[in-house]
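J.: Pasting a structure here, questions to come.
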Amino acid sequence: MSLFSLLSVSASGMSAQRARAELLVENLANAETTRTPEGGPYRRKDAVFTTQPAESPFSSIFESQLARPDGVGVADVVVDNRDPERRYLPGHPDADKDGYVAFPRINPAEDMVDLMGATRSYGANVAAISSVKDMIQRSIDLLR
Amino acid sequence: MLDGLAGKLEQYLDLLSVRQRLVASNIANADTPGYKTQDIDFQTEFQNAAAGLAPHVIEASGLTVRNDGNNVSIDRESRLLAENGLRFNIASNLMRDQIRTLKVAINGGSGS
Amino acid sequence: MPLPISPITVPARIEAISPAIQMPGENRTAGEFRGVLEGAINSVEKTGAQAQQAVSNFLSGSGEELHTAILATQRADLAFELGLQVRNKVVAAYQEVMRLQM
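Protein chains in written order, with the numbering used here: chain A, 960 to 1103; chain L, 8 to 119; chain F, 22 to 123.
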């Protein structure tokens, strides 16, 4: 079952990376958002990954714990609750009484690099699925 | 039936499957904090397989650990992914050949 | 006519069977015929059971690899074909012997 459960593992990787990419894109889109429905500037979000056993609909409940492979999942979405960045812009509509505007603490360059990383990891998971499909097909070919 | 070389090939295919599964887990957890790259000692496990022992998962050595405790190298895992796939390809072709040869051996006599 | 057996995989069973297949006309005791046939039948039964078990394990998801199950079925296949050939040769040899003794 190693090969088939591998599909679940890589699928979990793809889901996790996609969730991470979505958050990064949201961060980038809101890098300058000073006003949110909850009040205050946009706060950066990050996904926390955790290792979790990959479930496969084909694996039986008798499959031992040792045999269950390590997939990944998003354990939590962490919101950056640090004090926002304050910039002096007295004319800004969201300026406070001292003329400071609260901006999100986001470094677009950093998140852009992270996004590239997420894309690359996503691609690696896709490659893994492709590889195992090939191996399964070759196993079937042993019947020819 | 299919002992000897074919038996070894089957063990080889088994180990490659296990290794590929670990590679997939490593790739899926490439960004998980604290995750350490898993692997098997292929040569040792291949010898152990003859004795019928199940493979033993170990932590891969020689990898740099990043700030979040993760030491997965996508380059290494991608390379292993391709390599394992190729080896599986070769082994399964050799195996198919073994089976065919044996079939011919069995049926060839009936042509007389 | 000798079987063109690959030197790499020559299980002992094939070695034992091949003399019987090679010389169908030779006078052999009934016991030896039966022994050879029994050996082939046992092999078919054993590999057949193993194949069923392997495929069943694979389908139920309890950890059997696909290639393991497939190879088990191939083994059963080969044992069956060999058993079939053995049976045919043994029957032919027996008939030959019977004819000679008339």
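Beta carbons: idealized from backbone N, C-alpha and C, even for Gly.
Quick check: the Cα distance between A/Gln976 and A/Arg1079, rounded to an integer number of angstroms?
T.: Here the question's residue 976 of chain A lines up with position 17 in the first sequence. Here the question's residue 1079 of chain A lines up with position 120 in the first sequence. C-alpha separation (whole angstroms): 9 Å.
J.: Tell me the DSSP bridge mates of A/Thr1009?
T.: Numbered from 1 along the first sequence, position 50 holds the residue referred to as residue 1009 of chain A. Answer is A/Gly1032.
J.: Answer with buried or exposed for L/Glu52, where buried requires no fewer than 16 other C-beta atoms within 10 angstroms of its C-beta.
T.: Taking the first residue of the second sequence as 1, we reach residue 52 of chain L at position 45. Flag for L/Glu52 reads buried.
J.: At a Cβ cut of 7 Å, what residues of the segment 93-108 of chain F count as close to chain L, listed as they run along the chain?
T.: Result list: Gln95, Arg96, Leu99, Ala100, Glu102, Leu103 and Gln106.
J.: Relative to the ligand FAD, is the shortest distance from any of its heavy atoms to the C-beta of A/Asn986 smaller than 7 Å?
T.: As presented, the structure is devoid of all ligands, the ligand FAD included, so that no description of it is given.
J.: Taking 8 Å as the limit between beta carbons, can you name the residues of its chain near A/Val1072, skipping five residues before and five after?
T.: Within the first sequence, the letter at position 113 stands for residue 1072 of chain A. Around A/Val1072: no qualifying Cβ.
J.: Would you be able to state if there are at least three C-beta pairs under 8 Å between the segment 1060-1070 of chain A and the segment 993-1001 of chain A?
T.: Touching, yes.
J.: Taking 8 Å as the threshold (beta carbon to beta carbon), is F/Met44 in contact with chain A?
T.: Here the question's residue 44 of chain F lines up with position 23 in the third sequence. Note that F/Met44 scores a pLDDT of 39, beneath 50, so its modelled location is shaky; the value from the coordinates is reported in the next line. So no, F/Met44 is outside the interface.
J.: Please report the distance separating the alpha-carbon of L/Ala37 from that of F/Phe101.
T.: By one-based count along the second sequence, residue 37 of chain L stands at place 30. By one-based count along the third sequence, residue 101 of chain F stands at place 80. Those two C-alpha atoms are separated by around 48 Å.
J.: So that I know if they touch, is there some Cβ in chain A lying closer than 8 Å to that of L/Asn36?
T.: Residue 36 of chain L sits at position 29 when you count from the first residue of the second sequence. Yes, L/Asn36 counts as interfacial toward chain A.
J.: Would you give the residue range spanned by the beta strand (DSSP E) that A/Ala1061 belongs to?
T.: One-based indexing of the first sequence puts residue 1061 of chain A at position 102. Per DSSP, A/Ala1061 belongs to the beta strand (DSSP E) from Tyr1059 to Phe1062.
J.: Strictly under 8 Å for the Cβ-Cβ distance: is L/Ser24 near chain F by that measure?
T.: On the second sequence, residue 24 of chain L is found 17 positions in, with the first residue counted as 1. At least one chain F Cβ lies under 8 Å of L/Ser24.
J.: Between L/Leu101 and chain F, is the shortest Cβ-Cβ distance under 8 Å, so that the two count as touching?
T.: Against the second sequence, residue 101 of chain L aligns to sequence position 94. Not an interface residue.
J.: In whole angstroms, what separates the C-alpha of L/Ala112 from that of L/Gln105?
T.: As a first step, residue 112 of chain L is located in the second sequence; it is residue number 105 there, counting from the start. As a first step, residue 105 of chain L is located in the second sequence; it is residue number 98 there, counting from the start. Rounded to the nearest angstrom, the two C-alpha atoms are 11 Å apart.
J.: With DSSP collapsed to three states, give me the class of A/Arg1045.
T.: By 1-based counting over the first sequence, the position of residue 1045 of chain A is 86. A/Arg1045 falls in the strand class under three-state DSSP.
J.: Measuring CA to CA, which of L/Ala67, L/Ile97, L/Thr71 and L/Thr44 is closest to L/Leu23?
T.: Counting from 1 along the second sequence, the entry for residue 23 of chain L is found at position 16. Ranking L/Ala67, L/Ile97, L/Thr71 and L/Thr44 by Cα distance to L/Leu23 puts L/Ile97 first.
J.: Let me see if you follow: with CB-CB separation under 8 Å, is A/Arg1097 close to chain L or not?
T.: On the first sequence, position 138 is the one that residue 1097 of chain A refers to. At least one chain L Cβ lies under 8 Å of A/Arg1097.
J.: On the criterion of 16 or more Cβ atoms from any shown chain inside 10 Å, does L/His63 qualify as buried, or is it exposed?
T.: Taking the second sequence and counting its residues from 1, the one referred to as residue 63 of chain L is at position 56. With fewer than 16 other Cβ atoms within 10 Å, it is exposed.
J.: According to DSSP, which residues form a beta bridge with L/Lys43?
T.: Taking the first residue of the second sequence as position 1, residue 43 of chain L is located at position 36. According to DSSP, L/Lys43 bridges with nothing at all.
J.: Would you say A/Ser969 reaches chain L, if we count a Cβ-Cβ gap shorter than 8 Å as a contact?
T.: In the first sequence, counting from the first residue as 1, residue 969 of chain A sits at position 10. For A/Ser969, the answer is yes, since a Cβ of chain L falls inside 8 Å of its Cβ.
J.: Ordered along the chain, which non-local residues of its own chain (more than five positions away) have a Cβ less than 8 Å from that of L/Leu29?
T.: Taking the second sequence and counting its residues from 1, one reaches residue 29 of chain L at position 22. Same-chain partners within the cutoff: Gln45, Asp46, Ile47 and Val64.
J.: Going by beta carbon distance, what residues of the same chain come within less than 8 Å of F/Lys67, once the five residues before and after it are set aside?
T.: In the third sequence, residue 67 of chain F corresponds to position 46, counting from 1. Closer than 8 Å at the Cβ level, and outside the excluded window around F/Lys67, lie Ala100.
J.: Who are A/Lys1004's beta bridge partners in DSSP?
T.: The sequence position of residue 1004 of chain A within the first sequence is 45, counting from 1. Its beta-bridge partners are A/Val1038.
J.: Would F/His88 pass as a contact of A/Leu965 if the rule is Cβ separation under 8 Å?
T.: Here residue 88 of chain F corresponds to residue number 67 of the third sequence, with the count starting at 1. Here residue 965 of chain A corresponds to residue number 6 of the first sequence, with the count starting at 1. The answer is no: Cβ separation not under 8 Å.
J.: To the nearest angstrom, how far is the alpha carbon of F/Ser27 from that of L/Thr108?
T.: Residue mapping note: residue 27 of chain F aligns to position 6 of the third sequence, counting from 1. Residue mapping note: residue 108 of chain L aligns to position 101 of the second sequence, counting from 1. Only weak support exists for where F/Ser27 lies, its pLDDT of 46 falling under 50; the coordinates are left without a value.
J.: Please report the straight-line C-alpha distance between A/Ser1015 and A/Ser967, rounded to a whole angstrom.
T.: Residue numbering aside, residue 1015 of chain A sits at position 56 when the first sequence is read from its first letter. Residue numbering aside, residue 967 of chain A sits at position 8 when the first sequence is read from its first letter. Roughly 6 Å between the two C-alpha positions.
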